[in-house]
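Structure record follows, encoded as C-alpha coordinates.
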Amino acid sequence: MIQSISANPLTALSIWDSPKRQFIATGDIQELKKFNEYIEREVKRKEFVSMRWNLREQEKIEQEAENKRRAGLAPAVMLSDEEIIQKEKFEYEKYLSEEHTFLRSLGLVEEDD
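Each residue of the sequence shown is one higher than the last, beginning at 24 in the working numbering.
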(Lines of atoms letter the chains of each structure in order from A and count residues from 1; the text may use other names and numbers.)
(Lines give C-alpha, C1' and ligand atoms only; values in the text may rest on other atoms or scores of the structure.)
Protein backbone atom coordinates (compact mmCIF):
# COMPACT_ATOMS: atom_id res chain seq x y z
CA MET A 1 0.00 0.00 0.00
CA ILE A 2 1.34 3.42 -0.96
CA GLN A 3 -0.12 6.64 0.39
CA SER A 4 0.90 10.01 -1.01
CA ILE A 5 0.97 12.78 1.56
CA SER A 6 2.37 15.54 -0.62
CA ALA A 7 3.03 16.36 -4.25
CA ASN A 8 6.48 17.63 -3.28
CA PRO A 9 9.44 15.27 -3.19
CA LEU A 10 11.33 14.44 -0.02
CA THR A 11 14.45 16.56 0.26
CA ALA A 12 15.71 15.45 3.66
CA LEU A 13 14.99 13.02 6.46
CA SER A 14 15.52 14.15 10.00
CA ILE A 15 15.57 11.67 12.85
CA TRP A 16 15.15 13.00 16.35
CA ASP A 17 14.34 11.61 19.77
CA SER A 18 11.08 12.56 21.40
CA PRO A 19 11.34 13.06 25.15
CA LYS A 20 7.68 12.13 25.59
CA ARG A 21 7.45 9.00 23.50
CA GLN A 22 9.54 6.14 22.37
CA PHE A 23 9.16 4.86 18.85
CA ILE A 24 10.05 1.49 17.51
CA ALA A 25 10.61 0.98 13.80
CA THR A 26 8.90 -1.99 12.31
CA GLY A 27 8.91 -3.24 8.79
CA ASP A 28 7.65 -6.05 6.69
CA ILE A 29 9.26 -8.49 4.32
CA GLN A 30 8.76 -6.12 1.35
CA GLU A 31 10.33 -3.10 3.07
CA LEU A 32 13.65 -3.19 1.20
CA LYS A 33 11.92 -3.75 -2.13
CA LYS A 34 9.49 -0.86 -1.53
CA PHE A 35 12.26 1.48 -0.43
CA ASN A 36 14.33 0.63 -3.53
CA GLU A 37 11.27 1.25 -5.72
CA TYR A 38 10.80 4.62 -4.01
CA ILE A 39 14.43 5.55 -4.70
CA GLU A 40 14.06 4.46 -8.35
CA ARG A 41 10.93 6.64 -8.72
CA GLU A 42 12.77 9.63 -7.29
CA VAL A 43 15.73 9.07 -9.64
CA LYS A 44 13.37 8.86 -12.64
CA ARG A 45 11.55 11.97 -11.43
CA LYS A 46 14.86 13.85 -11.13
CA GLU A 47 15.82 12.80 -14.68
CA PHE A 48 12.41 13.93 -15.94
CA VAL A 49 12.74 17.32 -14.22
CA SER A 50 16.25 17.77 -15.65
CA MET A 51 15.00 16.90 -19.12
CA ARG A 52 12.14 19.42 -18.78
CA TRP A 53 14.56 22.13 -17.60
CA ASN A 54 16.77 21.52 -20.63
CA LEU A 55 13.73 21.56 -22.90
CA ARG A 56 12.52 24.85 -21.37
CA GLU A 57 15.98 26.39 -21.78
CA GLN A 58 16.05 25.35 -25.45
CA GLU A 59 12.54 26.76 -25.98
CA LYS A 60 13.62 30.01 -24.29
CA ILE A 61 16.67 30.30 -26.60
CA GLU A 62 14.50 29.60 -29.66
CA GLN A 63 11.91 32.17 -28.52
CA GLU A 64 14.60 34.82 -28.03
CA ALA A 65 15.98 34.09 -31.51
CA GLU A 66 12.48 34.36 -32.96
CA ASN A 67 11.90 37.68 -31.18
CA LYS A 68 15.22 39.01 -32.53
CA ARG A 69 14.34 37.83 -36.03
CA ARG A 70 10.96 39.58 -35.83
CA ALA A 71 12.62 42.75 -34.58
CA GLY A 72 15.02 42.63 -37.53
CA LEU A 73 18.11 42.05 -35.42
CA ALA A 74 18.94 38.62 -36.80
CA PRO A 75 18.77 37.25 -40.34
CA ALA A 76 15.89 34.91 -41.10
CA VAL A 77 18.15 32.58 -43.07
CA MET A 78 21.85 31.87 -43.12
CA LEU A 79 23.57 33.29 -46.18
CA SER A 80 26.46 31.65 -47.99
CA ASP A 81 29.84 33.41 -48.19
CA GLU A 82 29.21 34.48 -51.79
CA GLU A 83 25.80 35.91 -50.89
CA ILE A 84 27.29 37.80 -47.95
CA ILE A 85 30.03 39.31 -50.17
CA GLN A 86 27.46 40.24 -52.81
CA LYS A 87 25.21 41.86 -50.19
CA GLU A 88 28.13 43.83 -48.70
CA LYS A 89 29.21 44.97 -52.18
CA PHE A 90 25.67 46.16 -52.92
CA GLU A 91 25.50 48.04 -49.60
CA TYR A 92 28.90 49.66 -50.28
CA GLU A 93 27.81 50.80 -53.76
CA LYS A 94 24.63 52.22 -52.25
CA TYR A 95 26.73 54.05 -49.65
CA LEU A 96 29.00 55.53 -52.35
CA SER A 97 25.98 56.67 -54.33
CA GLU A 98 24.42 58.36 -51.30
CA GLU A 99 27.76 59.94 -50.37
CA HIS A 100 28.15 61.34 -53.89
CA THR A 101 24.61 62.76 -53.73
CA PHE A 102 25.35 64.36 -50.35
CA LEU A 103 28.64 65.90 -51.53
CA ARG A 104 26.91 67.21 -54.65
CA SER A 105 24.20 68.85 -52.50
CA LEU A 106 26.95 70.60 -50.51
CA GLY A 107 28.55 71.81 -53.72
CA LEU A 108 31.78 69.92 -53.09
CA VAL A 109 31.42 67.79 -56.21
CA GLU A 110 30.55 69.13 -59.65
CA GLU A 111 27.49 67.84 -61.48
CA ASP A 112 28.09 65.03 -63.95
CA ASP A 113 27.04 65.60 -67.55
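Yeah, the Cβ is synthetic: ideal placement off N, Cα and C, and Gly gets one too.
Open item on the list: If you reduce the DSSP assignment to three classes, tell me which class Thr124 lands in.
Closed with: Position 101 of the sequence shown, counting from 1, holds the residue named residue 124. Helix at Thr124.
Point to revise | Whole-Å CB distance - Arg127 paired with Glu134, under 8 Å assumed | key: Stepping through the sequence shown from its first residue, residue 127 is reached at position 104. Stepping through the sequence shown from its first residue, residue 134 is reached at position 111. Confirmed, about 7 Å.
Exercise for the section: Indicate the three-state DSSP secondary structure (helix, strand or coil) for Ser29 in the structure shown. Expected result: Working through the sequence shown from its first residue, we reach residue 29 at position 6. Correct three-state label for Ser29: coil.
Checking 8 Å against the spacing of the C-beta atoms, do Arg68 and Pro32 come in under that value? The count along the sequence shown starts at 1 and reaches residue 68 at position 45. The count along the sequence shown starts at 1 and reaches residue 32 at position 9. In contact: Arg68 and Pro32 (Cβ atoms closer than 8 Å).
Express the C-alpha separation of Glu80 and Thr34 in angstroms, rounding to a whole number. Walking along the sequence shown from the start, residue 34 turns up at place 11. Walking along the sequence shown from the start, residue 80 turns up at place 57. Roughly 24 Å between the two C-alpha positions.
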